[in-house]
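Below you'll find the structure, written out as structure tokens, and then a few comments.
Numbering (the numbering used here), first residue to last: 69 to 178.
Put into structure tokens, the structure is as follows:
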């Protein structure tokens, strides 16, 4: 099942509905948009299918250390993860955490 962003109304209604989301939720909306624009298929964890396409992003993928926001799978192989953080957080803080989560995901898949 491919998940598509729902676009309703005008740009102003989209902006006002984004304002109701917390910073991490807004980041997830932006991440979904960017992944889709780049050709990734976005699936929820319950619908995970590593072979759904050449690039699959699986939301809330469970690992032994807890869920990663997006597990990235290319040609059925885990290639990375994305952690949704509020705009302004520096990547230096999150890269080691994300790398550890990918290791956990790979271990869980073996």
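Glycine is no exception: its CB is placed at the ideal position from the N, C-alpha and C atoms.
Beta carbon of residue i nearer than 8 angstroms to that of residue j
i           : j           : result
residue 113 : residue 102 : no
residue 58  : residue 142 : Here the chain comprises residues numbered 69 to 178, so residue 58 is not present and cannot be evaluated.
Distance between residue j and residue i (C-alpha atoms, nearest Å)
i           : j           : result
residue 85  : residue 91  : 12 angstroms
residue 134 : residue 155 : 22 angstroms
residue 125 : residue 132 : 19 angstroms
residue 118 : residue 95  : 24 angstroms
residue 88  : residue 98  : 14 angstroms
residue 139 : residue 149 : 4 angstroms
residue 145 : residue 137 : 17 angstroms
residue 128 : residue 104 : 17 angstroms
residue 120 : residue 100 : 17 angstroms
residue 163 : residue 147 : The predicted position of residue 163 is uncertain, since its pLDDT is 49 and thus under 50; no value can be drawn from it.
residue 70  : residue 115 : Model confidence at residue 70 stands at a pLDDT of 45, short of 50, so the residue's coordinates are unreliable and nothing is read from them.
residue 93  : residue 108 : 19 angstroms
Residues that DSSP places opposite residue i in a beta bridge
i           : result
residue 127 : 112 and 138
residue 99  : For residue 99, which the question treats as bridged, DSSP gives no partner whatsoever.
residue 148 : 140
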